[in-house]
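In what follows, a single structure is set out as structure tokens and then discussed.
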Amino acid sequence: MTMTPTALSPTMTAAGHAIEVRPNPANEAAKLARARRKRNGAVAYHTAGVAIVLFFLAPFAIAFLASFRSGAEGMTPPLPPWPTTGFSLDSYRSLDTFGAGVWQHTLNSLIVSLATVVLTVAISLLAGYGFSRYRFPLKNTLFVLIIATLMIPFQSILTPLFIILAKLGLNNSLFGLVLVYVTLQLPFSVFMMRNAFDAVPKEIEEAARIDGARDLKLLVRVLLPLVLPGAATVAIFAFLNAWNEFLAALVLLSSNDNYTMPVLMMAVRAGRLGAINWGAVQAGVVVMTIPCLIIFLLLQRYYMRGLMAGAVK
Amino acid sequence: MSLAQDARLPAWPGGAIAGPDGEDGAATGGVRLSGVRKSFGSLDIIHGIDLSIPEGAFTVFVGPSGCGKSTLLRMIAGLEEVSDGLIAIKGRDVTDLDPSDRGIAMVFQSYALYPHMSVRDNLAFGLKMANTPKAEIERRVAAASAILKTDHLLDRRPGQLSGGQRQRVAIGRAIVRKPDVFLFDEPLSNLDAELRVSMRIEIARLHRELGNTMIYVTHDQTEAMTLADMIVVLREGRIEQVGSPREIYENPANSFVAGFIGSPRMNLLKAKRVGPESLKLADATLAAPFQTASGDREEDITFGIRPEHLTVGQEIVDGRSLTATIDFSEYLGGTQYLYCQLADRQTVTVEYRSPGAVKPGDRIVLSWSPDAIRLFDAAGLRIRQDM
Chain C
-4 MTMTPTALSP TMTAAGHAIE VRPNPANEAA KLARARRKRN GAVAYHTAGV
46 AIVLFFLAPF AIAFLASFRS GAEGMTPPLP PWPTTGFSLD SYRSLDTFGA
96 GVWQHTLNSL IVSLATVVLT VAISLLAGYG FSRYRFPLKN TLFVLIIATL
146 MIPFQSILTP LFIILAKLGL NNSLFGLVLV YVTLQLPFSV FMMRNAFDAV
196 PKEIEEAARI DGARDLKLLV RVLLPLVLPG AATVAIFAFL NAWNEFLAAL
246 VLLSSNDNYT MPVLMMAVRA GRLGAINWGA VQAGVVVMTI PCLIIFLLLQ
296 RYYMRGLMAG AVK
Chain B
36 MSLAQDARLP AWPGGAIAGP DGEDGAATGG VRLSGVRKSF GSLDIIHGID
86 LSIPEGAFTV FVGPSGCGKS TLLRMIAGLE EVSDGLIAIK GRDVTDLDPS
136 DRGIAMVFQS YALYPHMSVR DNLAFGLKMA NTPKAEIERR VAAASAILKT
186 DHLLDRRPGQ LSGGQRQRVA IGRAIVRKPD VFLFDEPLSN LDAELRVSMR
236 IEIARLHREL GNTMIYVTHD QTEAMTLADM IVVLREGRIE QVGSPREIYE
286 NPANSFVAGF IGSPRMNLLK AKRVGPESLK LADATLAAPF QTASGDREED
336 ITFGIRPEHL TVGQEIVDGR SLTATIDFSE YLGGTQYLYC QLADRQTVTV
386 EYRSPGAVKP GDRIVLSWSP DAIRLFDAAG LRIRQDM
């Protein structure tokens, strides 16, 4: 932005006469110094910005480039992490030889993650609405109880979970895994959605009730668009956590065909007879990253607003 | 205006305004509350309200904050449950009906527009919920936005509108529903002073055009006085007085109403009745404006007189004047308010219209005509002349 140099422009006096202000040498020097300081500041600001961006992009770039190394190259540790003997898709081909094929495992992961997202959003939407708007006995106790489960380390309940799922006949099933993920995801999600509903003015809901919107119609037609940022945040968290979750998937799934991506990646990384196919590992990393990036980029607009909700008000 | 005719449903049997059959006839057409109570837990907010609002009347609930006027309105709307009592609209018991089935529409202080919908959708939402045919929705939305001159805003979102425009849309949303009763909950409080005046006029015009029953809640007595056919003054969940603005102003039922309505407020001075026809105020003995039967014994009373009924002069009229010292004055151009002190340090506000300058410290004589005085007993109730 360029500013009009004030020293050269006519200044209006109180009486309305324009008087010419002559350039003053001392003034000029100060102005130059100020401009220089401003430029230096801008350079430092942008250099730091670029450096930080590089820092964050480097892992993605490394994995992406390394996944295109040719077969023989892929068997050696990724140093330097880019293809030196030409681009090839060997790594992706060899990734497909693990387990039941990369498509099957990606599909498993997608089913589990999307089902987790849908269930989590649906349940936390209703629960958040209930906690925000209705008065019922023990409301706050129940809410604290739900939040308190965040303090229980998930690993500590793995055994009981396994037993329960086995009793229900849900071990080694993707649906059972979805139920576990939804359970783990709910405390945070309910908390998030309650805040989102709290931020919606009561009058809007009352106006809708006068307009004849009731129950589910009211929730879907009027309130959902208003809590969409919160719902998007919940969806992102649910997706990422379900997509990346490893331990529960490893323990609860027992057949090769049902493995999700993180479990497959474990198998890939463990290698065969100690020989690690670095190319396949990097290819797996890329395959795993892409859905996360897509989801995040799709929802980030709402996500930021969701985290900010209630911050100012 | 075609909408004005449409907005009225076929006349309810006996629904004439204040028909020959008196109060009951009036009540069947409009809104009737009987024994309406509201309590939150053990806390009583509304202590049994009985009120008949005639059809087509512009009724204003007014009172200090916390008097329960908004709660009462929300109970009529169905947004707040009624702990006890009955609410009837157009002769139909609506006490336990859903808000949308009561034949009401409400305009909120915060507008409460749906922020994710265009103005058009905001207006149409209620009709869509009622499964009104598309063509009919379009017709009514067009009619409402023509009345409120919001045609050019139909495709905008509420976020892109100014406060006044938002309020118009909120009113439009009420109009399209063609309600029997319009409810306004402090609709102008969020607007700036200038806009408030123009919207006030607009609401008055709307009432004239549509002719519906309207109930309007405000704490602003200017709005109450200018808009109302009927004012209901509330305090602490009870009705203090019901009447036309003129009745309320000129004939307050008690000292609370007298002090609440009117700006600057009525001077309420502590006095003592010393005989059937005389009372003592500050250092003067004054003539009571009328005889009262119970006037024999001495008792504390309140002597009320409005600032505009006090005349400033120099001459002491026996029994009808007081001397006062000016504390300070406010110059408002056409008039001045003098804040004075009586001999016993009670303060009196005087409206002074003559151009003559006065300065603090001046001693003046205040006099009045006997029919300007309002007397209240120790409990605050009006002492009227009893035969």
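Protein sequence lines correspond, in order, to chains C and B. Its first residue numbered -4, the first sequence is counted upward by one per residue in our numbering. Its first residue numbered 36, the second sequence is counted upward by one per residue in our numbering. By construction, the Cβ of each residue, glycine as well, lies at the ideal position given by its N, Cα and C atoms. Keep in mind the model is a prediction, meaning the values are calculated, not measured.
* To do: Check the Cβ of B/His254 against every Cβ in chain C and list those closer than 9 Å, keeping chain order.
  => If you number the second sequence from 1, residue 254 of chain B lands on position 219. Under the 9 Å cutoff, chain C gives no residues; its nearest Cβ is about 18 Å from B/His254.
* Continuous alpha helix (DSSP H) assignments of at least 4 residues falling wholly in the segment 130 to 203 of chain C -> 134 to 143, 153 to 162 and 169 to 193
* Asked: Helix, strand or coil: how does DSSP classify B/Arg127 here?
  -> Translated into the one-based positions of the second sequence, residue 127 of chain B becomes position 92. In the structure shown, B/Arg127 sits in a strand (DSSP, three-state: E or B).
* Counting Cβ pairs, one atom from each stretch, are 3 or more of them under 8 Å apart for the segment 374 to 382 of chain B and the segment 308 to 320 of chain B? -> yes
* **In DSSP terms, what C/Val229 is bridged to** => If you number the first sequence from 1, residue 229 of chain C lands on position 234. Note: C/Val229 sits in no beta bridge, so no partner.
* Kindly confirm or deny that the segment 136 to 145 of chain C and the segment 199 to 209 of chain C touch, where touching means at least three C-beta pairs closer than 8 Å. => no
* To do: Please confirm if the segment 163 to 183 of chain C is in contact with the segment 245 to 256 of chain C, defined as three or more CB-CB distances below 8 Å between the two stretches.
  => yes
* Asked: If the cut is a Cβ gap below 7 Å, which residues of chain B does C/Val217 touch?
  -> Looking up residue 217 of chain C in the first sequence gives position 222. Simply Tyr149.
* To do: Along the alpha helix (DSSP H) that carries B/Lys73, what are the first and last residues, could you check?
  => Taking the second sequence and counting its residues from 1, the one referred to as residue 73 of chain B is at position 38. Note, B/Lys73: premise wrong, no alpha helix (DSSP H); beta strand (DSSP E) at Val66 to Phe75.
* Would you say the segment 132 to 150 of chain B touches the segment 200 to 207 of chain B, given that touching needs at least three Cβ pairs under 8 Å? -> yes
* Return no unless some Cβ of chain B is closer than 8 Å to the Cβ of C/Glu68. => In the first sequence, the residue the question calls residue 68 of chain C occupies position 73. False, the Cβ-Cβ gap to chain B never drops below 8 Å.
* To do: Could you pull the start and end residues of the alpha helix (DSSP H) that B/Asp220 belongs to?
  => In the second sequence, counting from the first residue as 1, residue 220 of chain B sits at position 185. Looking at the DSSP string, B/Asp220 is not in any alpha helix (DSSP H); the run it does join, the beta strand (DSSP E), is Val216 to Asp220.
* To do: Give the secondary structure of B/Asp59 by DSSP, where H, G and I count as helix, E and B as strand, and everything else as coil.
  => For the purposes of this step, residue 59 of chain B is taken as the residue at position 24 of the second sequence. Per-residue confidence for B/Asp59 stands at a pLDDT of 46, beneath the threshold of 50, marking its modelled position as unreliable; the derived number appears in the next sentence. Of the three classes helix, strand and coil, the one that applies to B/Asp59 here is helix, per DSSP.
* **9 Å Cβ cut-off: residues of chain B touching C/Pro224** => Position 229 of the first sequence, counting from 1, holds the residue named residue 224 of chain C. Near C/Pro224 there are no residues of chain B at all, since even the closest Cβ is about 12 Å away, more than 9 Å.
* Closer than 7 Å at the beta carbon, the chain B residues around C/Pro220 -> For this step, residue 220 of chain C is matched to residue 225 along the first sequence. Correct list: His151.
* What separation, rounded to the nearest whole angstrom, lies between the Cα atoms of B/Ile182 and B/His242? -> Residue mapping note: residue 182 of chain B aligns to position 147 of the second sequence, counting from 1. Residue mapping note: residue 242 of chain B aligns to position 207 of the second sequence, counting from 1. Their backbone Cα atoms lie some 12 Å apart in a straight line.
* To do: Name, in chain order, the residues that DSSP records as bridge partners for B/Gln371.
  => Within the second sequence, numbered from 1, the residue matching residue 371 of chain B stands at position 336. Answer is B/Tyr366 and B/Tyr387.
* **Close-in-space but distant-in-sequence residues of the same chain around C/Ser65 (CB under 6 Å, 5 per side omitted)** => Mapped onto the first sequence, residue 65 of chain C falls at position 70. Closer than 6 Å at Cβ, skipping near neighbours: Thr80, Ser83 and Asp85.
* B/Arg393 vs B/Gly348 beta-carbon contact at 8 Å -> What you label residue 393 of chain B is simply residue 358 of the second sequence in a count that begins at 1. What you label residue 348 of chain B is simply residue 313 of the second sequence in a count that begins at 1. Going by the sequence as given, residue 393 of chain B is Val instead of Arg. No; because the gap between Cβ atoms is not below 8 Å, this pair is not in contact.
* Kindly indicate the opening and closing residues of the beta strand (DSSP E) around B/Arg201. => For the purposes of this step, residue 201 of chain B is taken as residue 166 along the second sequence, with counting starting at 1. Segment Gly198 to Val211 is the alpha helix (DSSP H) holding B/Arg201; no beta strand (DSSP E) there.
* Does the beta carbon of B/Leu114 sit closer than 8 Å to a beta carbon anywhere in chain C? -> Position 79 of the second sequence holds residue 114 of chain B. With 8 Å as the cut-off, B/Leu114 counts as an interface residue toward chain C.
* **C-alpha distance - C/Gly36 paired with C/Leu74, whole-angstrom precision** => Stepping through the first sequence from its first residue, residue 36 of chain C is reached at position 41. Stepping through the first sequence from its first residue, residue 74 of chain C is reached at position 79. One C-alpha to the other measures close to 37 Å.
* Asked: What three-state label does DSSP hand B/Gly83 in the structure shown?
  -> On the second sequence, residue 83 of chain B is found 48 positions in, with the first residue counted as 1. In this structure, B/Gly83 counts as strand in the three-state DSSP scheme.
* **Contacting residues, own chain, Cβ-Cβ under 8 Å from C/Leu247 (five flanking each side not counted)** => Here the question's residue 247 of chain C lines up with position 252 in the first sequence. Once the five neighbours on either side are set aside, the close Cβ partners of C/Leu247 are Leu156, Phe157, Leu160, Asn166, Asn167, Gly171, Leu172 and Val175.
* Alpha carbon of B/Arg174 to alpha carbon of B/Ser180, nearest angstrom -> The sequence position of residue 174 of chain B within the second sequence is 139, counting from 1. The sequence position of residue 180 of chain B within the second sequence is 145, counting from 1. In a straight line, the C-alpha of B/Arg174 is about 10 Å away from that of B/Ser180.
* Could you check where the beta strand (DSSP E) with B/Asn302 kicks off and where it finishes? -> Walking along the second sequence from the start, residue 302 of chain B turns up at place 267. Element bounds for B/Asn302: Asn302 to Gly310.
* To do: Compare the C-beta of C/Arg296 against all C-beta atoms of chain B and say whether one is closer than 8 Å.
  => Numbered from its first residue, the first sequence carries residue 296 of chain C at position 301. No, C/Arg296 lies away from the interface with chain B (no Cβ there is under 8 Å from its Cβ).
* Asked: With a cut-off of 8 Å, does the C-beta of B/Ile206 fall near any C-beta of chain C?
  -> The residue labelled residue 206 of chain B in the question sits at position 171 within the second sequence. Not closer than 8 Å to any Cβ of chain C, the Cβ of B/Ile206 fails to qualify, so no.
* Just the Cα atoms here: how many angstroms apart are B/Pro390 and B/Thr358? -> For this step, residue 390 of chain B is matched to residue 355 along the second sequence. For this step, residue 358 of chain B is matched to residue 323 along the second sequence. Cα to Cα, B/Pro390 sits roughly 20 Å from B/Thr358.
* Asked: According to DSSP, which residues form a beta bridge with B/Met249?
  -> As a first step, residue 249 of chain B must be located in the second sequence, where it is residue number 214. Paired residue(s): B/Phe93 and B/Phe217.
* Distance, Cα to Cα, B/Gly138 vs B/Gly113? -> If you number the second sequence from 1, residue 138 of chain B lands on position 103. If you number the second sequence from 1, residue 113 of chain B lands on position 78. Spanning the two alpha carbons is a distance of roughly 11 Å.
* To do: Give the straight-line distance between the Cα atoms of B/Gly297 and B/Tyr284, rounded to the nearest whole angstrom.
  => In the second sequence, counting from the first residue as 1, residue 297 of chain B sits at position 262. In the second sequence, counting from the first residue as 1, residue 284 of chain B sits at position 249. Each residue's alpha carbon lies about 7 Å from the other.
* Nearest-angstrom Cα separation, counted from B/Pro405 out to B/Ile351 -> Walking along the second sequence from the start, residue 351 of chain B turns up at place 316. Walking along the second sequence from the start, residue 405 of chain B turns up at place 370. About 15 Å.
* Report, in whole angstroms, the separation of the C-beta atoms of C/Val258 and C/Leu90, which I expect to be a contact under 8 Å. => Taking the first residue of the first sequence as 1, we reach residue 258 of chain C at position 263. Taking the first residue of the first sequence as 1, we reach residue 90 of chain C at position 95. The pair is not a contact, with the Cβ atoms about 14 Å apart (cut-off 8 Å).
* Please say whether B/Gly339 and B/Phe411 have beta carbons closer to each other than 8 Å? => Position 376 of the second sequence, counted from the first residue, corresponds to residue 411 of chain B. Position 304 of the second sequence, counted from the first residue, corresponds to residue 339 of chain B. Closer than 8 Å, so yes.
* Asked: Residues bridged to B/Gln276 by DSSP?
  -> Numbered from 1 along the second sequence, position 241 holds the residue referred to as residue 276 of chain B. Paired residues: B/Val268.
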